[in-house]
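Shown next, in structure tokens, is the structure this report addresses.
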Amino acid sequence: MCCCRLQSCCCCGLREGSIAVGIIDLILSALGLALGVWPIAASGGAVQVNPYSYGTLGVYAISILFSILLILGAVKNNACLCLAWIIWSSICLVLNIALVGWICVVAWGVNVGASAAAAAGSAFAAALGIVAVSLYIALAILGVIIFFLIYGIIVVNSFRQELNESGGNPAGSYPMQAV
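Residue numbers in the sequence shown follow the numbering used here, run continuously in steps of one, and reach 183 at the last position.
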């Protein structure tokens, strides 16, 4: 199978890079979970919550679990745990790309609506312009997330391949000492 394969992650080895990817993913997932729970907890149940929000919180919780598995897999040189994160992140990558497509369609519709409202002299055009700007900001954020996911998947997969080829003890890795 032809696949991108790295020899290092930025200025460190693949093992350390995989641990860094796991830690960054863990922090971002925990932040997303906290930001999703905050409005629900702050309202005390007074605000009606969109069921989509619960799905998003579930995805963040599962991402936290897989990030922990990745960190453990990298620390213990376990290729199977790394593969679990790769599969989950690939699913998230596909979902994020689909979300970008959906936002592009919505942004196009908002731009068409704003143009029609502006041509009709409606004050509604300004509100649609604000919506369009927020959609473009969401697209930029998703672009960064997609870039991180692709790079992280390549780094972790390279580390997993290195583990498989070396029998679980890649060159330059530090064996864990029993405590």
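In this text, a Cβ means the ideal position worked out from N, Cα and C, and glycines have one as well. All values reported here derive from a predicted model rather than from experimental measurement.
For Cys108, the secondary structure class from DSSP, reduced to helix, strand or coil, is helix. For Ser138, the uninterrupted alpha helix (DSSP H) run begins and ends at Phe128 to Ser170, by DSSP. The Cβ atoms of Ile28 and Phe152 sit closer than 9 Å to each other. If you look at Ala124, you'll find it isn't in any alpha helix (DSSP H); DSSP assigns it neither H nor E. Residue burial annotation: Cys13 is buried, with at least 16 other C-beta atoms found within 10 angstroms of its C-beta. Put simply, the backbone Cα of Val160 is about 24 Å away from that of Thr60. A residue is called buried once 16 or more other Cβ atoms fall within 10 Å of its Cβ, and Trp92 is buried on that count.
Ala129 is not a Cβ neighbour of Ser138, given a cutoff of 9 Å.
Per the C-alpha coordinates, the member of Arg19, Tyr58, Leu69 and Ala142 positioned closest to Gly105 is Ala142. The segment 34 to 51 makes no contact with the segment 78 to 87: fewer than 3 CB pairs, one atom from each, lie closer than 8 Å. For Arg19, the enclosing alpha helix (DSSP H) has its first and last residue at Leu18 to Ser47. Under DSSP, Cys13 shares a beta bridge with Cys16.
For the options Trp42, Leu30, Ser94 and Asn115, the alpha carbon positioned closest to that of Leu69 is the one of Leu30. The three-state reading of DSSP puts Asn54 in coil, since its state is none of H, G, I, E or B.
Annotation for Leu37: Leu61, Tyr64, Ala65 and Ile68 place their beta carbon closer than 8 Å to its own, counting only its chain and skipping 5 residues before and after.
Beta-carbon to beta-carbon, Leu74 and Gly26 are separated by about 4 Å, close enough to satisfy the 8 Å threshold.
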